[in-house]
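S.K.:
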Amino acid sequence: MIAAAAARLLAGEVVAFPTETVYGLGADADNPEAVARIYAAKGRPSNHPVIVHVAPGADLGYWVREIPPEAQRLIEAFWPGPLTLILPRALPRGEMVSGGQDSIGVRCPSHPVAQALLRAFAAGKPGGQGGVAAPSANKFGQVSPTHADHVRYEFPDEVAQGMPVLDGGPSEVGIESTILDLSRLRQGVGPVLLRPGHVTPAQIEAILGQPVSMPDAAAPRASGTLKAHYAPHTPLELVSAQRLIEVARGQNAQNGRVVVVAFAKAPADLAPEIVWRQVEADPDRYAQVLYAMLRELDDGGYARILVQAPPSDAAWRAVNDRIGRAAAAFALDTTGFSNA
């Protein structure tokens, strides 16, 4: 199966495969026509960059102009793993995957199926230099897939036409990689966190010995950083614990069944139109099940999904980022509930 999927990539076709973060929709990063097929399948804007995935031990010099010492230390600490580094792009290579920017995102996934695919693909490329451009295997802006069945559900036409979906089981991390910008070090701009993930700023700072900053106006565009993203089709709203109790007791004006996602057990006086879903108050476990849960609830026929706002401390930063962007997709929906 790996060999057949690698042959498809080499032929310019698209392959879905697992990583430890989420499932990706992959194509030869050196083939503009193949990358265009990803954008078309997802409905992704052409200026929105995608990450190039490489096998362990790959020569990054093929993709980037330079590997600063900071990048090398992070690679040694966190690769293979859920950390994407934004580095100066080796011009003119990778223009399409970078959305036309002079930087490029690269990472080495730790999932064994992803590594086997990347190695087999690279072995078929001249000089063994192969990278797979792979955004999450879902329609643009929607909930990312963490199971192979999610991909098959999302792309039935492509699967029917023969697109391989490599099944590597449920994703271990469950949310997309941390994205760190190191492309502007020569300009005096230190490391910048573009997207939080499983690798935390504190872990990065411990390796680099310097602070990680938030994005400024000149920061590169990066995957999954639009204000509204990761959204189900069912309207989703973040609410306080107190508001959930009010909703649970039927104090709402929303027609239809409403599902509540909360850390506490359901109250005894739960209103009949409310479905209560208790989740673990552990950020890693929450992240691991988040997207699968949203997909399940999306198929439940609910009028609305109400999610208790997670804690605001650093351990929950990545989860808050994903849930916040999912809720932002419905921010202009002024009907129903409010957490005011």
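Each residue of the sequence shown is one higher than the one before, counting from 1229 in our numbering.
Even glycine gets a Cβ: it sits at the ideal position worked out from N, Cα and C.
Using the Cα positions of residue 1497 and residue 1476, report the straight-line distance between them to the nearest angstrom.
M.R.: Computed Cα separation, rounded: 7 Å.
S.K.: CB residue 1327 to CB residue 1276, shorter than 8 Å?
M.R.: yes
S.K.: Using three-state DSSP, classify residue 1536 as helix, strand or coil.
M.R.: strand
S.K.: My understanding is that residue 1365 touches residue 1251, with C-beta atoms under 8 Å, so please give their C-beta distance in whole angstroms.
M.R.: 4 Å
S.K.: At what residues does the alpha helix (DSSP H) containing residue 1552 begin and finish?
M.R.: 1545–1556
S.K.: Which same chain residues end up closer than 7 Å to residue 1433 when comparing Cβ atoms and leaving out the 5 residues on each side of it in sequence?
M.R.: 1439, 1440
S.K.: Using the Cα positions of residue 1342 and residue 1558, report the straight-line distance between them to the nearest angstrom.
M.R.: Separation of residue 1342 and residue 1558 (C-alpha to C-alpha, rounded to the nearest whole angstrom) is 34 Å.
S.K.: Which of the three DSSP states, helix, strand or coil, is assigned to residue 1395?
M.R.: Three-state result, residue 1395: coil.
S.K.: Which two residues bound the contiguous beta strand (DSSP E) that contains residue 1505?
M.R.: 1502–1506
S.K.: Going by beta-carbon coordinates alone, are residue 1529 and residue 1485 separated by less than 8 Å?
M.R.: yes
S.K.: Can residue 1292 and residue 1317 be called in contact, C-beta distance under 8 Å?
M.R.: yes
S.K.: Find out if the Cβ-Cβ distance for the pair residue 1256, residue 1264 is shorter than 8 Å.
M.R.: no
S.K.: Give a yes or no on whether the C-beta atoms belonging to residue 1489 and residue 1505 are separated by under 8 Å.
M.R.: yes
S.K.: Measure the CB-CB distance between residue 1230 and residue 1348 and report whether it falls below 8 Å.
M.R.: yes
S.K.: Taking its Cβ as the centre, do 16 or more other Cβ atoms sit within 10 Å of residue 1465, making it buried, or is it exposed?
M.R.: The residue in question, residue 1465, is buried, as its Cβ has 16 or more Cβ neighbours within 10 Å.
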